[in-house]
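Student: Quick one: the structure is below, questions incoming.
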Amino acid sequence: MRKSFDEFEARSVKVVIVSPADREQIEKFLEVHGPYPFNIYGDPQMNVYKEMGNHRFSTLKSLAYVGAGILSGKAKISDIIPKEEKKRKLFFSAVKNQDVNVQGSSWLFDRDGEVLWKHMDDSPKDHARVKEILKQVSENK
């Protein structure tokens, strides 16, 4: 999303990120991953996630998902746990301090707050692609 920010800005689309992290965790994330051209808001109680109907894996399902990926060869431990020390520390901090089992979503709202389009992630790899979001922006203007 960060790499495509200019494309959203050119279409007068405001990008807002909501994370299940608290302010301290978001600040750590920004220290490790650098600045973003949009705001990232924390929702550690996951009120927005619940209101929007986001899916949540149980811890067991998350572990099974990761395990299946590793056993099938589709994923490696290094794909999940970063090698770089700062990123690895941030990863373990996130696992310890926030709900990493909640699945994300992407939404387009009009200026009145009405939903124009949404994509609910069904798994950790099921994110809406930037290309699809931009297509929806064009179709819903």
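Residue numbers (our numbering): 4 to 144.
For every residue, glycine included, the Cβ atom is placed at its ideal position computed from N, Cα and C.
With burial defined as no fewer than 16 other Cβ atoms inside 10 Å of the residue's Cβ, what is the status of ILE145: buried or exposed?
Tutor: Since the first residue of the chain shown is 4 and the last is 144, residue 145 is not available in this structure.
Student: Does VAL51 come out as helix, strand or coil in the three-state DSSP assignment?
Tutor: As a position in the sequence shown, residue 51 is number 48, starting the count at 1. Three-state result, VAL51: helix.
Student: Going by beta carbon distance, what residues of the same chain come within less than 6 Å of ALA24, once the five residues before and after it are set aside?
Tutor: Taking the sequence shown and counting its residues from 1, the one referred to as residue 24 is at position 21. Counting only Cβ-Cβ distances below 6 Å, and skipping sequence neighbours, we find GLY45 and GLN101.
Student: Use the C-beta contact count for VAL21: other C-beta atoms within 10 angstroms, 16 or more gives buried, fewer gives exposed.
Tutor: For the purposes of this step, residue 21 is taken as the residue at position 18 of the sequence shown. Buried is the call here.
Student: Can you list, in chain order, the residues of its chain with a C-beta nearer than 8 Å to that of ASN42? Leave out the 5 residues immediately preceding and following it.
Tutor: One-based indexing of the sequence shown puts residue 42 at position 39. Cβ within range, chain order: VAL19 and ILE20.
Student: Per DSSP, what kind of secondary structure is ARG59 in: helix, strand or coil?
Tutor: Numbered from 1 along the sequence shown, position 56 holds the residue referred to as residue 59. Here ARG59 sits in strand by DSSP.
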